[in-house]
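Participant: If you're matching positions, the sequence shown starts at 1 in the UniProt record's numbering and goes up one per residue.
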Amino acid sequence: MGIKDYYSLSEVAELLGKSPETLRRWDNNGKLTALREPMSNYRIYKKEQLKIFDELSYLFNNDTETSTISPKGSFNVLELFAGAGGLAIGLEQAGLKCIALNEIDHWAAETLRINRPNWNVLEGDIKDLSFISQKGKIDVVTGGFPCQSFSYAGKKLGLEDARGTLFYEFARVVDETRPKICIGENVRGLLSHDSGDTLKGMISILDGLGYRVLEPKVLKAIYFKVPQKRERLILVGIRKDIEYDFEYPKPSKQIFTLKHALKKGDLYSTDVPPSPGAKYPESKRKILDLIPPGGYWRDLPLDLQKQYMQKSFYLGGGKTGMARRISWEEPSLTLTCSPAQKQTERCHPDETRPFTVREYARIQTFPDEWEFAGPVSAHYKQIGNAVPVNMAREIGFSIVKFLNLVQKHKEENELAIQHQNV
Ligand SMILES: C[S@@+](CC[C@H](N)C(=O)[O-])C[C@H]1O[C@@H](n2cnc3c(N)ncnc32)[C@H](O)[C@@H]1O
Numbered sequence: 001m002g003i004k005d006y007y008s009l010s011e012v013a014e015l016l017g018k019s020p021e022t023l024r025r026w027d028n029n030g031k032l033t034a035l036r037e038p039m040s041n042y043r044i045y046k047k048e049q050l051k052i053f054d055e056l057s058y059l060f061n062n063d064t065e066t067s068t069i070s071p072k073g074s075f076n077v078l079e080l081f082a083g084a085g086g087l088a089i090g091l092e093q094a095g096l097k098c099i100a101l102n103e104i105d106h107w108a109a110e111t112l113r114i115n116r117p118n119w120n121v122l123e124g125d126i127k128d129l130s131f132i133s134q135k136g137k138i139d140v141v142t143g144g145f146p147c148q149s150f151s152y153a154g155k156k157l158g159l160e161d162a163r164g165t166l167f168y169e170f171a172r173v174v175d176e177t178r179p180k181i182c183i184g185e186n187v188r189g190l191l192s193h194d195s196g197d198t199l200k201g202m203i204s205i206l207d208g209l210g211y212r213v214l215e216p217k218v219l220k221a222i223y224f225k226v227p228q229k230r231e232r233l234i235l236v237g238i239r240k241d242i243e244y245d246f247e248y249p250k251p252s253k254q255i256f257t258l259k260h261a262l263k264k265g266d267l268y269s270t271d272v273p274p275s276p277g278a279k280y281p282e283s284k285r286k287i288l289d290l291i292p293p294g295g296y297w298r299d300l301p302l303d304l305q306k307q308y309m310q311k312s313f314y315l316g317g318g319k320t321g322m323a324r325r326i327s328w329e330e331p332s333l334t335l336t337c338s339p340a341q342k343q344t345e346r347c348h349p350d351e352t353r354p355f356t357v358r359e360y361a362r363i364q365t366f367p368d369e370w371e372f373a374g375p376v377s378a379h380y381k382q383i384g385n386a387v388p389v390n391m392a393r394e395i396g397f398s399i400v401k402f403l404n405l406v407q408k409h410k411e412e413n414e415l416a417i418q419h420q421n422v
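(1) Name, in chain order, the residues that DSSP records as bridge partners for Y7.
(2) Give a yes or no on contact between the region 202–216 and the region 338–347, applying the rule of three or more CB pairs nearer than 8 angstroms.
(3) In angstroms, rounded to a whole number, what distance separates the CA positions of K155 and K311?
(4) Under the criterion of a Cβ to heavy atom distance below 7 angstroms, does V387 qualify as lining ligand 1?
(5) Taking buried to mean at least 16 other C-beta atoms within 10 Å of its own C-beta, is H260 buried or exposed?
(6) Considering Cα atoms alone, identify which of K127, L190, F372 and I291 is closest to D350.
(7) Determine, using beta carbons only, whether Q228 and T320 come nearer to each other than 8 angstroms.
(8) If you draw a straight line from the C-alpha of Y45 to the C-alpha of P388, how long is it?
(9) Using a Cβ-Cβ cutoff of less than 6 angstroms, which residues in the same chain neighbour L78 once the five nearest sequence positions on both sides are dropped?
(10) Cutting at 7 angstroms between CB atoms, please list the residues of its own chain near G306, excluding the five before and the five after it.
(11) From V357 to L16, what does the alpha carbon distance come to, in whole angstroms?
(12) Run through the UniProt domain "HTH merR-type" (10–45) for me and flag every whole alpha helix (DSSP H) of 4 or more residues, listed as ranges in chain order.
(13) Helix, strand or coil for K225 per DSSP?
(14) Which class does G124 belong to by DSSP, given the choice of helix, strand or coil?
(15) Whole-angstrom Cβ separation of L235 and R188, contact assumed at under 8 angstroms?
(16) G164: beta carbon under 7 angstroms from a heavy atom of ligand 1?
(17) From the DSSP output, read off the bridge partner residues of N385.
(18) Could you give the residue range of the alpha helix (DSSP H) that holds A340?
(19) Quick one: any contact between the region 268–278 and the region 410–421, if contact means 3 or more CB pairs under 8 angstroms?
(20) Can you round the beta-carbon distance between Y211 and R239 to whole angstroms, since I take them to be within the 8 angstroms contact cut?
(21) K225: beta carbon under 7 angstroms from a heavy atom of ligand 1?
(22) For I114, name the three-state secondary structure that DSSP assigns.
(23) Out of V226, T177 and E185, point me to the one whose CA is closest to L209's CA.
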């Protein structure tokens, strides 16, 4: 979906992360009145009508392409929960230096080692590692800690209140190393986890450790040069002695689709190379054979819809991710850790099969040279867990911009002191 003058109801619903039903309700109650497409009578919206939504401001901003920016110093990152390196590669591409990466999964750690023999990969449970010796040597701590509850009842929390969770480990390492900025990444679901209390608790703990936490933001990968509708929640904490703000990356106007991921074009200079891939069981293959590109279970004959969906058939809701065949002209739906699992099928547009490992990696914008260690199932898991590389690079540029400002301020202060001493 590029930027254009008119949008359909389902496109606006998607841009806003709302359901089509909500949009219809807004049309009926006047909150956002739709126009009617003359031939079909479908609801459509003029781009100008979308100005009322702050989160869509990029549609009206001419200055949306992130320019590359060079680091004005050697900026060190400690990457926790590093997986197969999606975030780490993106940060590296932005000019940051990963001085250590921690990961518990053997195959993911092996992936990091085979691709970057010079990286300091610390394989093992984060709980067993101390970084006290690194205090003052690290500019950025990053980490996609898995989301777990801890209790928060509106009062200020201390670090110990989160003990036993992986967020505790993230915050503990931040406290041990005292970076200028820390960045957590997570699923959108963290916003509503325990009715929002888990996130509030995390913010309260980081605040107590001396970090000013910015309003968390959900970044949509499609606006950061990624041919996939993936979302990541970003949580940013800035050490309180630093007065500068971190600016989230600005969305790009150019939207990439599956075609860009798998064929030679603006994203990759060659067609996708061959690689191993999973297969659908025969029963699923027969079903998916009946689905056109861009279609899903609703494209089946009614009896097969009921048979395939079972109880879900009667539960309502779109479930457009089930028995889905992706079209060349759309970004892929979010990839999961196993490509043939029920409810999240993302079938190749022309062939009735899941995406191969290399296709998966391209949809997550990994470079073709990046190899994955372990059995094929471990490749899919590592790729499915990753932050898309291109989105990570944009986050990296924002970090570099922030650190450049801090560096400049430090240099100016040092200069002023030198002048005073002359
Ligand atoms: C969401 S993935 C991170 C993806 C990564 N940032 C990327 O972009 O590729 C979370 C990772 O945390 C790792 N992990 C989970 N528990 C851990 C622990 N106790 N210690 C270290 N790593 C852990 C998982 O193995 C998984 O690879």
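Positions of the beta carbon are idealized from the N, C-alpha and C atoms, including for glycine.
Here the structure is a predicted model, which means the values were calculated and not measured.
Facilitator: This is what the structure holds:
(1) Position 7 of the sequence shown, counting from 1, holds the residue named residue 7. Looking at the DSSP assignment, Y7 forms a beta bridge with Y45.
(2) No: fewer than three Cβ pairs fall under 8 angstroms.
(3) For the purposes of this step, residue 155 is identified with residue 155 of the sequence shown, where counting begins at 1. For the purposes of this step, residue 311 is identified with residue 311 of the sequence shown, where counting begins at 1. Our two residues, K155 and K311, have alpha carbons roughly 42 angstroms apart in a direct line.
(4) On the sequence shown, position 387 is the one that residue 387 refers to. Yes, the beta carbon of V387 sits closer than 7 angstroms to at least one heavy atom of ligand 1.
(5) Locating residue 260 in the sequence shown gives position 260, counting from the first residue. So H260 ends up on the buried side.
(6) Position 350 of the sequence shown, counted from the first residue, corresponds to residue 350. For D350, the nearest C-alpha among the options comes from I291.
(7) As a working note, residue 228 is residue 228 in the sequence shown. As a working note, residue 320 is residue 320 in the sequence shown. Against a cut-off of 8 angstroms, the Cβ pair of T320 and Q228 comes out as no contact.
(8) Reading the sequence shown from its first residue, position 45 is the one you call residue 45. Reading the sequence shown from its first residue, position 388 is the one you call residue 388. Rounded to whole angstroms, Y45 to P388 spans 31 angstroms at the Cα level.
(9) Within the sequence shown, residue 78 is the residue found at index 78, counting from 1. Taken in chain order, the residues that qualify are A100, I138 and V141.
(10) As a working note, residue 306 is residue 306 in the sequence shown. The question names Gly, yet the displayed sequence has Lys at residue 306. Same-chain partners within the cutoff: F313.
(11) For this step, residue 357 is matched to residue 357 along the sequence shown. For this step, residue 16 is matched to residue 16 along the sequence shown. Roughly 31 angstroms between the two C-alpha positions.
(12) 20–29
(13) Position 225 of the sequence shown, counted from the first residue, corresponds to residue 225. Coil, per DSSP.
(14) Your numbering for residue 124 matches position 124 in the sequence shown. Here G124 sits in coil by DSSP.
(15) Taking the sequence shown and counting its residues from 1, the one referred to as residue 235 is at position 235. Taking the sequence shown and counting its residues from 1, the one referred to as residue 188 is at position 188. Not quite, the Cβ-Cβ distance comes to about 12 angstroms (not below 8 angstroms), so this is no contact.
(16) Along the sequence shown, one-based indexing puts residue 164 at 164. Within the chosen limit of 7 angstroms, ligand 1 does not reach the beta carbon of G164 with any heavy atom.
(17) Residue numbering aside, residue 385 sits at position 385 when the sequence shown is read from its first letter. N385 pairs with nothing; no bridge assigned.
(18) Position 340 of the sequence shown, counting from 1, holds the residue named residue 340. Segment: none, A340 is in no alpha helix (DSSP H) and carries neither H nor E.
(19) With the cut-off at 8 angstroms, the region 268–278 and the region 410–421 do not touch.
(20) The residue given as residue 211 occupies position 211 in the sequence shown. The residue given as residue 239 occupies position 239 in the sequence shown. The pair is a contact, with the Cβ atoms about 6 angstroms apart (cut-off 8 angstroms).
(21) As a position in the sequence shown, residue 225 is number 225, starting the count at 1. Flag unset: Cβ of K225 not near ligand 1.
(22) Counting from 1 along the sequence shown, the entry for residue 114 is found at position 114. Reduced to three states, the DSSP call for I114 is helix.
(23) To locate residue 209, count along the sequence shown from 1; it is residue 209. Residue T177 is the option with its Cα nearest to L209.
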